[in-house]
Amino acid sequence: MERVPPLAWQPGCVVLLDQTRLPADEVVVRCTTVDALVDAIRRLVVRGAPLLGVAGAYGVALAAAEGGDLRASAERLASARPTAVNLRWGVEGALAAALGSPDDAVGAAVAEADRIAAEDAAASDAMAAYGLDLVPDGARVLTHCNTGSLVSAGGGTAYAVVTAAHRAGRLAMLWVDETRPLLQGARLTAWEARRDGLPFTVLADNAAGSLFANGLVDLVVVGADRVCADGSVANKVGTYPLAVLARAHGVPFVVVAPVSTVDPASLGVDVVIEQRDPAEVTAFGGAYNPAFDVTPARLVTALVTERGVTRPVTGATPAAF
40 MERVPPLAWQ PGCVVLLDQT RLPADEVVVR CTTVDALVDA IRRLVVRGAP
90 LLGVAGAYGV ALAAAEGGDL RASAERLASA RPTAVNLRWG VEGALAAALG
140 SPDDAVGAAV AEADRIAAED AAASDAMAAY GLDLVPDGAR VLTHCNTGSL
190 VSAGGGTAYA VVTAAHRAGR LAMLWVDETR PLLQGARLTA WEARRDGLPF
240 TVLADNAAGS LFANGLVDLV VVGADRVCAD GSVANKVGTY PLAVLARAHG
290 VPFVVVAPVS TVDPASLGVD VVIEQRDPAE VTAFGGAYNP AFDVTPARLV
340 TALVTERGVT RPVTGATPAA F
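In the working numbering, each residue's number is its place in the sequence shown (first place is 1) plus 39.
See the structure below:
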């Protein structure tokens, strides 16, 4: 069965695989306006730092086709989700292209979005190759959230390393955190792992500690929504506790993210953590529902980008890119 891509451009339309409906249904959402795309981004129809950059760039093409204030429309797109820097990065790149070609702003924005998508696919391949060197034979790998082809124009970030390890015969088990409250692990990573034939087991987020305590984790591999100037990493909430567990048990904690995720302008304490709708969490009297947390650089064993592996991770790391 042919795979439905997570994002595709058709003239005047961004076509999205609705990730809120997976794994039960493969349904596409067709966004023909900026309003529709902003709504899809906020509802997590499309998600994942690298793919948000691509979506934002194509969104600028929609804005150019709509007419009106292109800069204002671009800002609405860029601010749809505040934590991941790729979204604003993709929007700003396409906006510059569109403003630089006023006679064909739509075509210029599409061409820039196409370039970003191709660059992201190539970055996935490079990160997989570099990250593979960090995976031992017979590895039992723990991952969090979803970092595969659903978040990228290519094979993904952390998940691309895992699939490379599987193809190389090094993967004994992929431990998949369910990733509450929206279950991006249990719904999306498990769906991808089953489709790709990986050995995997889903676990409740609060069961990770028992895996470490019983010596069942050899490596933690996660993605990132932002790598800050001090080397700290913003990623799906629940990542920081895994880093603490990994450090306590002497297990490498590896972050895999493209250079477009590096933000040299912010420190970990500066990151605006998106607060999601409390209704996403079943609770009485409201809920505390942050979408991300920040892991300090001292807990990160290595950072893998398409340009190689950096370790240790310090405040000097982001500046190197």
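Every residue gets a Cβ at the ideal spot worked out from N, C-alpha and C, and that includes glycine.
query	result
Examine the Cβ distances between the stretch 218 to 229 and the stretch 53 to 62 and report whether three or more of them are shorter than 8 Å.	yes
Restricting to Cα atoms, I'd like to know which of V310, R350 and A358 is closest to T122.	V310
Where does G347 sit, in a helix, a strand or coil, going by DSSP?	strand
Helix, strand or coil, according to DSSP, for D302 in the structure here?	strand
Which ranges would you report for the beta strand (DSSP E) in the stretch 270 to 301 if only whole runs of at least 3 residues count?	272 to 275 and 292 to 295
Buried or exposed for L55, please, with buried defined as at least 16 other CB atoms from any protein chain shown within 10 angstroms of its CB.	buried
Confirm, please, whether the CB-CB distance from A148 to A94 is below 8 Å.	no
For the pair the stretch 298 to 317 and the stretch 269 to 279, tell me if three or more CB-CB distances fall below 8 Å.	yes
Report the three-state DSSP secondary structure of D216 (helix, strand or coil).	strand
What's the call for D332, buried or exposed, on a 16-neighbour Cβ count within 10 Å?	buried
Could you tell me which residues DSSP puts in a beta bridge with T240?	W214
Looking at the unbroken alpha helix (DSSP H) that takes in S154, where does it start and where does it end?	The sequence as given places Arg at residue 154; Ser does not occur at that position. That run of the alpha helix (DSSP H) goes A144 to L171.
How would you label A246, buried or exposed, when you count the other beta carbons within 10 angstroms and need 16 or more for buried?	exposed
Return the first residue and the last residue of the alpha helix (DSSP H) that R127 is part of.	V124 to G139
Based on Cα-Cα distance, which residue from F360, A63, T334 and T353 lies nearest to E345?	F360
Please name the residue, chosen from V145, V124, Y198 and V180, that lies closest to V53 on a Cα-to-Cα basis.	V145
In the structure shown, what three-state DSSP assignment does T72 receive?	coil
Assuming G354 and A341 make a contact with CB atoms under 8 Å, what is their CB distance in whole Å?	The pair is not a contact, with the Cβ atoms about 16 Å apart (cut-off 8 Å).
Using the rule of at least 16 other Cβ atoms within 10 Å of the residue's Cβ for burial, across every protein chain shown, is Y97 buried or exposed?	buried
So A113 and V85 are in contact, right, with Cβ under 8 Å, and what is the actual spacing, rounded?	Actually they are not in contact, since the Cβ atoms of A113 and V85 sit about 17 Å apart, beyond 8 Å.
With DSSP collapsed to three states, give me the class of V67.	strand
Of all the options A152, L227, G347 and V294, which has the alpha carbon lying nearest to the alpha carbon of R127?	A152
Which same chain residues end up closer than 7 Å to P50 when comparing Cβ atoms and leaving out the 5 residues on each side of it in sequence?	none
Report back the beta-carbon spacing between G170 and V200 to the nearest angstrom; my notes put them in contact at under 8 Å.	3 Å
Where does V223 sit, in a helix, a strand or coil, going by DSSP?	Here residue 223 turns out to be Gln, not Val, going by the sequence shown. In the structure shown, Q223 sits in a helix (DSSP, three-state: H, G or I).
Please work out which residues of its chain come closer than 7 Å, Cβ to Cβ, to V229, disregarding the five sequence neighbours upstream and downstream, and give them in chain order.	In the sequence as displayed, the identity of residue 229 is Ala instead of Val. Answer for A229: V215, F239 and V241, listed in chain order.
Using three-state DSSP, classify P317 as helix, strand or coil.	helix
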